[in-house]
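Visitor: Numbering (the numbering used here), first residue to last: 1 to 397.
Here it is, the structure in full.
What follows is the structure, encoded as structure tokens:
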């Protein structure tokens, strides 16, 4: 089995060797068949050679012509048909034929050409052979038709193998495309996960760092004149830092894969609208004029919608503290029939849109992630407005 496999691999790597082996095999078979075949002397006889020697003499160039079967199968078919016709003209012994050569040539044509063209060519070759053997004096219908049947059988085999190869190639191509699609999908998911992680970290840290910055400035400003006030501001800094670390730890824990062996991974729920009063209180403690308004009857919402609403409000207030310090801000939460309205407005100079714009992009991405809508821009009467409408059907508690 190993030797056969090595020979097969060698022939696949070097097709010329396979064709040489085929030519030698065919010539050897004709040599054996010519010596053990009937010794009937046809009429007229070639004066220089007995029939079996004449067959071998004609078969030798046709065997060499088999080397053309891969690159020029139609040329090979023409050569083999011409060789058979020449043999029948010179020595019309219809029992000592070279039928195998047109059959091999026709197989090579069918393997490498479209079906319609292959069958038209095979039919034409069959007609030529049938007419030639009939004109040469075939004694039976079998002698007249067997070469044509051999060519048609070779056409059918070649067509079947061509179809099988095309099917295998199609399956391999679909598999390759599927693999490429899976790789692209994996890359897309990785990019989405990176954006998700970046958005979470930005929302967690930006808010607390902004508060820490404000309180640190207050402490530095009153450190000499009002130590108690400075101590209070530093206490707020410490509290904001602790909350930032806690939220960061929670976020990182939630981003881990399920089944993590880390027993210390946090399991507390993500922030939601229940944490909105604490969020407003943290901004008030930093000296900002912030108030909250709730409209409609609060109802249970999905965790994703609650987190999205909380993060949008948090980021919008952070933008107010950074870009419109001293402005009064209002956070409006409205429970509508099928939606949740999150609106943050301020009466500043409208500069909340300044900066890198990552905050607005993050808020828009969050709203779109739950199939909501997002708008942000300056208000006609001054100030800045952030508005998000999130699909929020009631969820069973």
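For every residue, glycine included, the Cβ atom is placed at its ideal position computed from N, Cα and C.
1) Does the ligand MN have even one heavy atom less than 6 Å from the beta-carbon of residue 382?
2) Can you tell which of 151, 138 and 136 has its C-alpha closest to the C-alpha of residue 127?
3) Contact defined as beta carbons within less than 8 Å: I believe residue 249 pairs with residue 366. What is the distance between those atoms, to the nearest angstrom?
4) Applying the 10 Å Cβ sphere with the 16-neighbour rule, what's the burial state of residue 381?
5) Does DSSP classify residue 318 as helix, strand or coil?
6) Going by DSSP in three states, residue 387 sits in which element: helix, strand or coil?
7) Going by beta-carbon coordinates alone, are residue 147 and residue 109 separated by less than 7 Å?
8) Thinking C-beta only, is residue 318 closer than 7 Å to residue 169?
9) Beta-carbon separation of residue 285 and residue 236 under 7 Å?
10) Quick check: what's the CA-CA separation for residue 281 versus residue 330?
11) Please state the DSSP three-state secondary structure of residue 151.
12) What residue from 283, 184 and 290 has the CA that sits closest to residue 328's CA?
13) If you draw a straight line from the C-alpha of residue 32 to the C-alpha of residue 101, how long is it?
14) Report the residue ranges of all alpha helix (DSSP H) runs contained in full by the segment 98 to 135; include only those spanning at least 4 residues, in chain order.
15) Terminal residues of the continuous beta strand (DSSP E) containing residue 329?
16) Bridge partners of residue 378, per DSSP?
17) Cβ of residue 405 within 7 Å of Cβ of residue 386?
18) Please name the residue in 106, 71 and 112 whose C-alpha comes closest to that of residue 163.
19) Less than 7 Å separating the beta-carbons of residue 230 and residue 212?
20) When the Cα atoms are used, what is the spatial distance from residue 56 to residue 174?
21) Roughly how many angstroms separate the alpha carbons of residue 295 and residue 176, rounded to a whole number?
22) If you follow the alpha helix (DSSP H) that residue 80 is in, where does it begin and where does it stop?
Guide: In brief:
1) This structure simply doesn't include the ligand MN, nor any ligand for that matter.
2) On the chain shown, residue 127 is found 127 positions in, with the first residue counted as 1. Of the listed residues, the one whose Cα sits closest to residue 127 is 151.
3) Residue numbering aside, residue 249 sits at position 249 when the chain shown is read from its first letter. Residue numbering aside, residue 366 sits at position 366 when the chain shown is read from its first letter. About 21 Å; that fails the 8 Å criterion.
4) The residue you call residue 381 lines up with position 381 of the chain shown. With fewer than 16 Cβ atoms within 10 Å of its Cβ, residue 381 is classed as exposed.
5) Along the chain shown, one-based indexing puts residue 318 at 318. Helix at residue 318.
6) Taking the first residue of the chain shown as position 1, residue 387 is located at position 387. Under the three-state reduction of DSSP output, residue 387 falls in the strand class.
7) In the chain shown, counting from the first residue as 1, residue 147 sits at position 147. In the chain shown, counting from the first residue as 1, residue 109 sits at position 109. A distance of 7 Å or more separates the beta carbons of residue 147 and residue 109.
8) By one-based count along the chain shown, residue 169 stands at place 169. By one-based count along the chain shown, residue 318 stands at place 318. Their beta carbons are not under 7 Å apart, which means residue 169 does not touch residue 318 by this criterion.
9) Mapped onto the chain shown, residue 285 falls at position 285. Mapped onto the chain shown, residue 236 falls at position 236. It is a contact, given that the beta carbons lie within the stated cut-off.
10) Taking the chain shown and counting its residues from 1, the one referred to as residue 281 is at position 281. Taking the chain shown and counting its residues from 1, the one referred to as residue 330 is at position 330. Approximately 13 Å, taken between the alpha carbons.
11) Taking the chain shown and counting its residues from 1, one reaches residue 151 at position 151. Reduced to three states, the DSSP call for residue 151 is helix.
12) Start at 1 with the first residue of the chain shown, and residue 328 comes out as number 328. Per the Cα distances, 290.
13) The count along the chain shown starts at 1 and reaches residue 32 at position 32. The count along the chain shown starts at 1 and reaches residue 101 at position 101. Inter-residue distance for residue 32 and residue 101 is about 16 Å (C-alpha atoms, whole angstroms).
14) Runs of the alpha helix (DSSP H) inside the segment 98 to 135: 100 to 112 and 115 to 135.
15) Translated into the one-based positions of the chain shown, residue 329 becomes position 329. Here the beta strand (DSSP E) through residue 329 covers 328 to 335.
16) On the chain shown, residue 378 is found 378 positions in, with the first residue counted as 1. DSSP lists 384 as the beta-bridge partner residues of residue 378.
17) There is no way to answer for residue 405, as the model of the chain reaches only from 1 to 397.
18) Residue mapping note: residue 163 aligns to position 163 of the chain shown, counting from 1. For the residues 106, 71 and 112, the minimum Cα distance to residue 163 belongs to 112.
19) Counting from one through the chain shown, the residue named residue 230 turns up at place 230. Counting from one through the chain shown, the residue named residue 212 turns up at place 212. In this structure, residue 230 keeps its C-beta atom at 7 Å or more from the C-beta atom of residue 212.
20) Here residue 56 corresponds to residue number 56 of the chain shown, with the count starting at 1. Here residue 174 corresponds to residue number 174 of the chain shown, with the count starting at 1. Cα-Cα distance, rounded: 49 Å.
21) Indexing the chain shown from 1 puts residue 295 at position 295. Indexing the chain shown from 1 puts residue 176 at position 176. Those two C-alpha atoms are separated by around 55 Å.
22) For the purposes of this step, residue 80 is taken as residue 80 along the chain shown, with counting starting at 1. In the DSSP annotation of this structure, the continuous segment of the alpha helix (DSSP H) that includes residue 80 starts and ends at 73 to 90.
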